[in-house]
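Working notes for the structure below.
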Amino acid sequence: MQVARLVFPGFWFGKTSEAEAVSLARAGVGGFCLYGGTKATVTSLVRKLRAASPLPRILIAADYEDGLGRWLPDAPLLPSNLALGAADNEELAYEKGFITARQAAQLGVDWVFAPVVDLANNPDNPIVNTRSFGADPQLVIRLAGAFMKGLSAGGVLNCLKHFPGHGNTTTDSHLAMPVVTETMSQLKQTSLLPFKELLPLADSVMAGHLLVPALDEVNPVSLSKKAIHDLLQKKMKFTRCVCTDALLMKALGDEKQAALQALDAGAHILLVPEKPLELIEFLQNQIFPDEVLKRAEHVLNGLCAQADELAANAQHLLVRPDDFIMQTARKALVPLGHFPPVEPGDIVHLLNVGNDEHISSVPFIDTLRAYGILTEDFKNPAETDTLIILFWRRYKPFSGKIGLTDEETVFVNNAVQNVRRTLLICFANPFAANHVATEGKLLAFSPSPVFQQAAAECVMGMFEPVGKLPMKL
Numbered sequence: 066m067q068v069a070r071l072v073f074p075g076f077w078f079g080k081t082s083e084a085e086a087v088s089l090a091r092a093g094v095g096g097f098c099l100y101g102g103t104k105a106t107v108t109s110l111v112r113k114l115r116a117a118s119p120l121p122r123i124l125i126a127a128d129y130e131d132g133l134g135r136w137l138p139d140a141p142l143l144p145s146n147l148a149l150g151a152a153d154n155e156e157l158a159y160e161k162g163f164i165t166a167r168q169a170a171q172l173g174v175d176w177v178f179a180p181v182v183d184l185a186n187n188p189d190n191p192i193v194n195t196r197s198f199g200a201d202p203q204l205v206i207r208l209a210g211a212f213m214k215g216l217s218a219g220g221v222l223n224c225l226k227h228f229p230g231h232g233n234t235t236t237d238s239h240l241a242m243p244v245v246t247e248t249m250s251q252l253k254q255t256s257l258l259p260f261k262e263l264l265p266l267a268d269s270v271m272a273g274h275l276l277v278p279a280l281d282e283v284n285p286v287s288l289s290k291k292a293i294h295d296l297l298q299k300k301m302k303f304t305r306c307v308c309t310d311a312l313l314m315k316a317l318g319d320e321k322q323a324a325l326q327a328l329d330a331g332a333h334i335l336l337v338p339e340k341p342l343e344l345i346e347f348l349q350n351q352i353f354p355d356e357v358l359k360r361a362e363h364v365l366n367g368l369c370a371q372a373d374e375l376a377a378n379a380q381h382l383l384v385r386p387d388d389f390i391m392q393t394a395r396k397a398l399v400p401l402g403h404f405p406p407v408e409p410g411d412i413v414h415l416l417n418v419g420n421d422e423h424i425s426s427v428p429f430i431d432t433l434r435a436y437g438i439l440t441e442d443f444k445n446p447a448e449t450d451t452l453i454i455l456f457w458r459r460y461k462p463f464s465g466k467i468g469l470t471d472e473e474t475v476f477v478n479n480a481v482q483n484v485r486r487t488l489l490i491c492f493a494n495p496f497a498a499n500h501v502a503t504e505g506k507l508l509a510f511s512p513s514p515v516f517q518q519a520a521a522e523c524v525m526g527m528f529e530p531v532g533k534l535p536m537k538l
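At position 302 of the sequence shown the residue is numbered 367 (the working numbering), and the sequence of numbers has no breaks.
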């Protein structure tokens, strides 16, 4: 086997050169991880990459954790995992997996890097947050297991991440090395439990860029033989594919040496290096023990065969994403405090906070207006009777933040002074509710247009929110 097959480059639509990607395919890389694009551009690129590859089979992967809509503007954004945790419904978790799989497969994507089974047990974690199903390992096991079954039924590979658990950290590994401080006894009772229980359903596991001194005091898990070979593969008996998290992440340092160490530790795939061509050339000049390449070839052949089997046996059922999203939203919204419903003729002032991605609030506003609610932008507390604060900030790789800034906290809490009726709606990070002194709070966990519609209907008292907190605030 050529060592290039161990490398899976990333492709960013609008940034990466298509010619460069085709040349990497011709060089024999084992697959690609795609970021962004549209349905049409993803489909077109996948065809070109497959046609260019000398390999009989390459794998096309993507981080479609919340469906295609997290990366593609022309696809629906599915409910976050934390929304599913609030709904606590395995049928909905299964349906999310199935819809994700069917939509991915239609574009030629056959491997979804999901589910995230990290626990939502640290409010200061900037990168897990709504990607988690919740803080309770048993809840995560039930819902992630149902999601994985949905992915399989829909015909794509899955991936458990981020081994052995990224939840109880306060650092974004895209920027620096997070440290997990729990003892081995604590890990077994918390972060490791979902991996232990879900490995039989797993097609692959992603090793996190995490320093876990209880496992290895020197090396991060993605480069640690103690973590990958000794624990995951030997003790936990996982024999399928292990891939690193993206090598370009700043937690690691020199990616060439990191790649060598990851392969020696037991990983089979080197995911998304910063300079894939240079890495391939470097690896081609190294001498590897025969068992390293033979082991990787066996695992990759098995993964390709599994992808073909799943595709051949996929269920082709009619899916209605908007119906699924609304059903989830009505079961997921979590109310906190008290907020009397607004009524036709009321004037509602709106204040947007943390909208770094310029997410449109039009679905929320249009729903209110459709029922006779008048909306205005917030300007002056003295002229405001009803104030609704819309908080949008969600996890974003390389940002290192997810909550309210100190300046935003002061501004928002000043804004609610002397306003008779105040409500905070968190369309992403629910932990922001801790820092805002509003009369009522509504946790929605997703900025999806359908979730915005449901939140507006809830504000008008059209249905009673029944979601339960899947974590502690």
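Glycine included, each C-beta is placed from N, C-alpha and C at the ideal position.
Quantities reported herein were computed from a predicted structural model and do not represent experimental measurements.
With respect to the beta strand (DSSP E) encompassing T309, which residues constitute its N-terminal and C-terminal limits?
-> C306 to T309
Find the nearest neighbour of V337 within the set A69, F97, G79 and R122, judged by alpha-carbon distance.
-> F97
Specify, as a first and last residue, the run of the beta strand (DSSP E) that Y159 falls within.
-> Careful: Y159 lies outside any beta strand (DSSP E), inside the alpha helix (DSSP H) at E155 to L172.
Could you give the DSSP three-state label for P446: helix, strand or coil?
-> helix
The alpha helix (DSSP H) with S217 in it runs from where to where?
-> P202 to G219
Span of the beta strand (DSSP E) holding G79?
-> Unbroken run through G79: none, as it is neither H nor E.
Contact belief for L225 with Q371 at Cβ below 8 Å, rounded distance in angstroms | Not really, about 15 Å apart at Cβ, beyond 8 Å.
Buried or exposed for I334, please, with buried defined as at least 16 other CB atoms from any protein chain shown within 10 angstroms of its CB.
-> buried
Look at P428 and Q517 and say whether their C-beta atoms are less than 8 Å apart.
-> yes
Reducing DSSP to helix, strand and coil, say where P400 ends up.
-> strand
From the DSSP output, in three-state form, read off R109 for me.
-> Before going further, note that residue 109 is Ser rather than Arg in the sequence given. It is helical.
For the alpha helix (DSSP H) holding L344, just list the boundary residues, first then last.
-> P341 to Q349
Below 8 Å on the Cβ atoms is my guess for L208 versus A158; work out the distance and round it to an integer in Å.
-> Yes, L208 and A158 are in contact; Cβ-Cβ is about 4 Å, under 8 Å.
Count the other CB atoms, across all protein chains shown, that sit within 10 Å of the CB of F528; report buried if there are 16 or more and exposed otherwise.
-> exposed
Classification of K359 by the beta-carbon crowding that lies within 10 angstroms, buried from 16 upward = exposed
May I ask which residues mark the beginning and end of the beta strand (DSSP E) holding V418?
-> I412 to V418
Give a yes or no on whether the C-beta atoms belonging to H274 and D310 are separated by under 8 Å.
-> yes
Would you call the segment 504–522 and the segment 113–128 in contact, with 3 or more CB pairs under 8 Å?
-> no
Examine the Cβ distances between the segment 187–199 and the segment 133–142 and report whether three or more of them are shorter than 8 Å.
-> no
S250 classed as buried or exposed, judged by whether at least 16 other C-beta atoms fall within 10 angstroms | exposed
N- and C-terminal bounds of the beta strand (DSSP E) containing S269 | S269 to A272
For I454, count neighbouring C-beta atoms within 10 Å of its own C-beta (all shown protein chains included) and say buried if the count is 16 or more, exposed if not.
-> Counting Cβ neighbours within 10 Å, I454 comes out buried, since at least 16 surround it.
Tell me whether T6 sits in a helix, a strand or coil according to DSSP, three-state version.
-> The question about residue 6 has no answer here: the residues shown for the chain are numbered 66 through 538.
Kindly list the residues whose CB is nearer than 6 Å to the CB of L297, restricted to its own chain and excluding five residues on each side of it in sequence; keep chain order.
-> F303
State the DSSP-derived secondary structure class of A370, mapped to helix, strand or coil.
-> helix
Endpoints, beta strand (DSSP E) assigned at I454 | T451 to F456
Determine the DSSP secondary structure at L507, reduced to helix, strand or coil.
-> strand
Should the segment 396–413 be regarded as contacting the segment 165–178, the criterion being three or more beta carbon pairs within less than 8 Å?
-> no
Check whether the Cβ atoms of L538 and H500 lie closer than 8 Å to each other.
-> Going by C-beta atoms, L538 is not nearer than 8 Å to H500.
List the endpoints of the continuous beta strand (DSSP E) containing V226.
-> Sequence inspection shows Lys at residue 226; the Val mentioned does not correspond to that position. Unbroken beta strand (DSSP E) run through K226: L225 to F228.
Cβ-based neighbour list, A200, same chain, cut-off 7 Å, excluding 5 preceding and 5 following = L184, A185, N186, P535, M536 and K537
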